[in-house]
Amino acid sequence: MEGLLYGLSVAITPTNLLFCFLGAFLGTLVGVLPGIGPVGSMALLLGATYGLPPETALIMFAGIYYGSMYGGSTTSILVNIPGEASSVVTAIDGYQMARKGRAGSALCIAAVGSFVAGTVGLVILSFLAPKLAEAALKFGPPEYFAIAVFGLLVLSQLSGQGLLKSFIMVGVGLLLGTVGLDDISGQARFTFGSVDLQKGIDFVPVAMGLFGIAEVLDIAAEKVANNQEAIKVKLRELLPNREEAKKSVGPTLRGSVLGFLVGLIPGPAAVISTFLSYTLERKISKSPQDFGNGAPEGVAGPESANNSAAIGAFVPVLSLGIPFAPPTALLLSAMMIHGITPGPLLIQEHPEIFWGLIASMYIGNAMLLLLNLPMVGLFVRVLSVPSNLLMPVIILLCIIGAFAINNAVTDIWIMTIFGVAGFIMRRWGFSPAPLVLALVIGPMLENSLMQSLMMSQGSLSIFYTQPLSRALFILTIIVIVAPVLYRLVKRLSSPKQNAV
Amino acid sequence: MSKISANAKGALLIGILAIVYLIDGRELSFGSAGMPGEGFVPALMGFGLLLCCLLLFLKETIFAGKGGNGGMAEEEEEKDTRRPLLLMVVLLLYPLLLPYLGFMLATIGLLLGCFRIFAFRNWLWSAGAAVVFTLITYVVFEKWLDVLFPKGFWG
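Line by line, the protein sequences give chains E and F.
Going by the working numbering, the letters in the first sequence line up with residues 4 to 503, in that order.
Going by the working numbering, the letters in the second sequence line up with residues 4 to 158, in that order.
Below, the structure written as structure tokens:
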């Protein structure tokens with residue numbers, strides 16, 4: 004508590020407050036641009052923090068991070084283009100809500116959910132950070148592998164296109180994840196002689212292509228008038244109605260806790276947390292059939308989860324100096340640029356930075372809510388821009404977003420090719436979400452499998468002799484088998500009921 | 004003559020890609036379970052994917068029941084194919100020409116093409132909008148955010 008109070012004294016200086024606001028505002032602004040998610044926004048805005056004192060720079064950069072997290076969900080809801088993988092789930096119901104004229108409500112639910120989750124996450128982060136980091140450290144390769152398998156199988160279940168098609172999409176994503184230099188041997192794989200492909204296929208251009216460009220191509224294919232995507236939204240309906248608000252409370256709280264816990268796990272935690280939250284909400288919902296058709300729970304849960312996971316991901320970076328996700332890797336880069344070495348000694352050597360950053364997150368989180376709620380109307384107006392003007396601009400922003408990651412034309416090629424592939428996949432009824440997720444999780448899955456097998460000298464027993472890994476595999480089996488058994492029991496019992 | 008379903012088409016296409024992947028992966032060392040090589044996981048994944056594609060293809064062709072919907076394609080209403088095809092051509096031309104023409108010229112061309120494909124007003128408006136949006140993005144991203152766009156023959 005003492006540390007937090009000290010942090011507040013650092014964060015509430017006028018300069019730091021100003022840069023905290025600027026970070027959250029710029030992050031939201033860039034994150035709102037279709038096709039540009041947190042990683043893209045942070046990469047683009049990293050330069051804006053140069054020349055600032057270290058604590059001010061990091062406070063601003065953290066603001067950019069969670070500002071862009073929120074901004075990414077806005078494009079998912081309004082134009083069905085997730086800027087990054089953790090907004091994919093939000094698009095499922097958020098966009099459907101927008102199509103039904105509830106765009107303002109969906110944005111509000113996302114904003115309030117993000118705020119609540121961010122606050123819950125920060126409270127846990129402030130008080131439990133050292134112990135939680137220790138727990139996360141105990142994960143070994145078998146546990147990583149179990150988590151990856153669990154994440155992918157859960158994800159296959161929820162895409163709603165049938166298990167076999169989901170597995171195929173996961174398989175394609177995993178295959179793409181093997182392109183590039185092998186982490187262990189350094190051997191180039193599936194690069195077909197291209198030097199640019201040796202660094203692997205980045206998920207950002209793939210996601211932009213599959214979601215952004217494919218969406219634009221899909222809209223181009225519509226024979227109807229040009230403005231068919233400009234959904235009419237009444238501005239007075241910007242706030243959720245009582246039923247929507249009531250439905251959002253539980254998912255927001257559950258997503259907040261779930262997200263934070265998942266955020267501690269190495270890997271694309273924010274992404275996994277959204278899928279877990281969505282699955283959880285759908286499973287416990289009294290009306291699961293509403294999911295995919297504009298259920299507010301489908302927006303509140305995942306949005307809370309990914310924001311809470313974003314906070315949780317700060318734990319290993321701040322206390323161990325290990326980034327477990329691309330955005331926190333960028334935060335680590337920002338720290339290094341400003342001459343700070345994160346790790347266990349950060350609290351002792353730079354308490355002003357550690358606690359100042361945490362305190363600024365409390366303030367930034369509140370700022371984000373104040374900033375986003377009045378701007379909901381502005382975001383909704385994006386829908387009234389004619390699609391024949393908006394679509395070319397979205398194409399341009401996707402191109403710049405893909406290019407800016409590595410300043411490489413190859414990423415534009417990747418984005419374009421996946422855009423065309425995504426368009427064809429949509430036509431054939433294949434959902435791209437499992438592919439994108441598998442591409443992100445794939446390298447972790449491969450490395451952990453290889454390391455586990457090396458540790459056990461080829462024996463698969465390592466996956467069930469380790470308690471945590473065993474528990475995760477049992478959970479995975481339950482998640483996969485339970486719905487099948489449930490359907491079977493239901494089918495077997497229904498003729499009897501009918502007969503009676 | 005019966006039509007092949009969208010699911011079967013997808014399974015076939017992805018199955019072919021999996022075969023290409025497996026053929027290319029033959030050069031990589033497989034190793035053993037205790038000491039896996041760099042080709043170990045790709046081989047498992049490649050065969051797994053191929054198996055899934057085969058199962059889906061068989062399900063959609065040989066074991067296709069009355070209830071199968073065969074994917075979405077056959078049920079979708081008629082859609083315009085000319086516009087997305089033209090857009091694909093423009094999009095594929097862009098990265099090809101970008102290194103030679105540079106960001107400004109290539110992007111103006113790209114936007115002009117896109118605006119016309121989406122039938123935005125007339126040629127004059129399209130050209131004006133293309134120039135304005137290119138200039139805005141150039142100033143924001145190159146000048147303010149230090150993104151290094153290709154200069155092309157302008158140097």
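Quick reminder that beta carbons are idealized off the backbone N, C-alpha and C, glycines included.
Report buried or exposed for residue 58 of chain E, applying the criterion of at least 16 other Cβ atoms within 10 angstroms of its Cβ.
Buried, because 16 or more other Cβ atoms sit within 10 Å of the Cβ of residue 58 of chain E.
Classify residue 99 of chain E: buried if its beta carbon has 16 or more other beta carbons within 10 angstroms, exposed otherwise.
That one is buried.
Let me make sure I understand the geometry here. Which of E:442, E:407, E:291 and E:437 has the alpha-carbon closest to that of residue 150 of chain F?
Answer by Cα proximity: E:407.
Leaving out five residues before and five after residue 156 of chain E in sequence, what residues of the same chain have Cβ atoms less than 7 angstroms from its Cβ?
Cβ contact annotation for residue 156 of chain E (same chain, cutoff 7 angstroms, sequence separation greater than five): 479, 482 and 483, in chain order.
At a CB-CB cut-off below 8 angstroms, which residues of chain F make contact with residue 394 of chain E?
Under the 8 angstroms cutoff, chain F gives 117 and 121.
Round the Cβ separation of residue 102 of chain F and residue 412 of chain E to the nearest angstrom and send it over; I've been treating them as touching at under 8 angstroms.
The C-beta separation of residue 102 of chain F from residue 412 of chain E comes to about 6 angstroms, placing the pair in contact by the 8 angstroms criterion.
Apply the 10 Å Cβ neighbour rule to residue 246 of chain E and answer buried if 16 or more other Cβ atoms are within range, or exposed otherwise.
Exposed, since its Cβ has fewer than 16 Cβ neighbours within 10 Å.
Can you tell me the Cβ-Cβ gap for residue 360 of chain E and residue 65 of chain E, rounded? I've got them flagged as a contact below 8 angstroms.
Their Cβ separation, rounded to whole angstroms, is 6 angstroms, which keeps residue 360 of chain E and residue 65 of chain E in contact under 8 angstroms.
Span separating the alpha-carbon of residue 49 of chain F from that of residue 213 of chain E:
Straight-line spacing of the CA atoms in residue 49 of chain F and residue 213 of chain E works out to 22 angstroms.
Quick one: Cα of residue 281 of chain E to Cα of residue 94 of chain E, how far?
So the two alpha carbons sit approximately 12 angstroms from each other.
Does any residue of chain E bring its CB to less than 8 angstroms from the CB of residue 86 of chain F?
Judged by the 8 angstroms Cβ criterion, residue 86 of chain F is in contact with chain E.
Taking 8 angstroms as the CB-CB cut-off, is residue 12 of chain F touching chain E?
Judged by the 8 angstroms Cβ criterion, residue 12 of chain F is in contact with chain E.
What whole-angstrom Cβ distance do residue 266 of chain E and residue 217 of chain E have, given they're in contact under 8 angstroms?
Not confirmed; about 29 angstroms, so no contact.
My output table needs one value for residue 183 of chain E: the three-state DSSP class, helix, strand or coil.
Here residue 183 of chain E carries a strand assignment [DSSP, helix/strand/coil].
Buried or exposed, going by whether 16 or more other CB atoms sit within 10 Å of the CB of residue 231 of chain E?
In this predicted model, residue 231 of chain E has a pLDDT of only 42, less than 50, meaning its place in the structure is not dependable; the value taken from the coordinates is given anyway. Counting the other CB atoms within 10 Å of its CB gives residue 231 of chain E a total below 16, which places it among the exposed residues.
Across which residues does DSSP place residue 102 of chain E in a beta bridge pair?
Note: residue 102 of chain E is not bridge-paired with any residue in the DSSP secondary-structure output.
Residues of chain E with CB closer than 9 angstroms to the CB of residue 37 of chain F, please, in chain order.
By Cβ distance, chain E contributes 456, 457, 459, 460, 461 and 462.
Of all the CB atoms in chain E, is at least one closer than 8 angstroms to the CB of residue 166 of chain F?
Residue 166 of chain F lies beyond the stretch modelled for chain F, which goes from 4 to 158, so this question has no answer here.
Which value, in whole angstroms, describes the spacing of the CA atoms of residue 222 of chain E and residue 179 of chain E?
One C-alpha to the other measures close to 27 angstroms.
Per-residue contacts from residue 412 of chain E into chain F (C-beta, under 8 angstroms):
Residues of chain F passing the Cβ test: 98, 101, 102 and 153.
Can you confirm whether the region 281-294 of chain E touches the region 144-151 of chain E when touching is taken to mean that 3 or more C-beta pairs between the two stretches lie within less than 8 angstroms?
Contact between the region 144-151 of chain E and the region 281-294 of chain E is absent: fewer than three C-beta pairs spanning the two stretches fall below 8 angstroms.
With 16 as the cutoff for other CB atoms within 10 Å, does residue 494 of chain E come out buried or exposed?
With fewer than 16 Cβ atoms within 10 Å of its Cβ, residue 494 of chain E is classed as exposed.
Report, in whole angstroms, the separation of the C-beta atoms of residue 320 of chain E and residue 335 of chain E, which I expect to be a contact under 8 angstroms.
At roughly 6 angstroms, the Cβ-Cβ gap stays under 8 angstroms, so residue 320 of chain E and residue 335 of chain E are in contact.
I'd like to know whether the C-beta atoms of residue 307 of chain E and residue 116 of chain E end up nearer to each other than 8 angstroms.
Taking 8 angstroms as the cut-off, the beta carbon of residue 307 of chain E is found closer than this to the beta carbon of residue 116 of chain E.
Residue 196 of chain E: which of F:91, F:9, F:110 and F:27 sits nearest, CA to CA?
It is F:27 whose Cα lies nearest to the Cα of residue 196 of chain E.
Does the distance from the C-beta atom of residue 108 of chain E to that of residue 261 of chain E stay below 8 angstroms?
Contact flag unset, no.
From the DSSP output, in three-state form, read off residue 203 of chain E for me.
Residue 203 of chain E falls in the coil class under three-state DSSP.
For a contact defined as C-beta to C-beta under 7 angstroms, what are the partners of residue 17 of chain F on chain E?
Neighbours of residue 17 of chain F on chain E, chain order: 171 and 175.
From the DSSP output, in three-state form, read off residue 98 of chain F for me.
Reduced to three states, the DSSP call for residue 98 of chain F is helix.
If you run the structure through DSSP and keep just helix, strand and coil, what is residue 192 of chain E?
Three-state DSSP puts residue 192 of chain E in a strand.
May I ask you to list, following chain order, the residues of the region 205-226 of chain E that have a beta carbon less than 9 angstroms from some beta carbon of chain F?
Against chain F - using a Cβ distance shorter than 9 angstroms - the residues of the region 205-226 of chain E are 216, 219, 220, 221, 222, 223, 224, 225 and 226.
Please go through the same chain and pick out, in chain order, the residues whose beta-carbon is closer than 7 angstroms to the beta-carbon of residue 467 of chain E, but skip the five residues on each side of it.
The residues are 473 and 476.
Given a threshold of 16 other Cβ atoms within 10 Å of its Cβ, counted over all protein chains shown, does residue 37 of chain F qualify as buried or as exposed?
By the 10 Å Cβ count, residue 37 of chain F comes out exposed.
Can you pull the chain E residues whose beta carbon is under 9 angstroms from the beta carbon of residue 142 of chain F, in chain order?
Those within 9 angstroms of residue 142 of chain F in chain E number zero; the least Cβ separation is about 12 angstroms.
Minimum Cβ-Cβ distance from residue 480 of chain E to chain F less than 8 angstroms:
Contact of residue 480 of chain E with chain F is not assigned, every C-beta pair being separated by 8 angstroms or more.
Going along chain E in order, which residues have a C-beta closer than 7 angstroms to the C-beta of residue 64 of chain F?
Among the residues of chain E, none has a CB under 7 angstroms from the CB of residue 64 of chain F; the nearest is roughly 14 angstroms distant.
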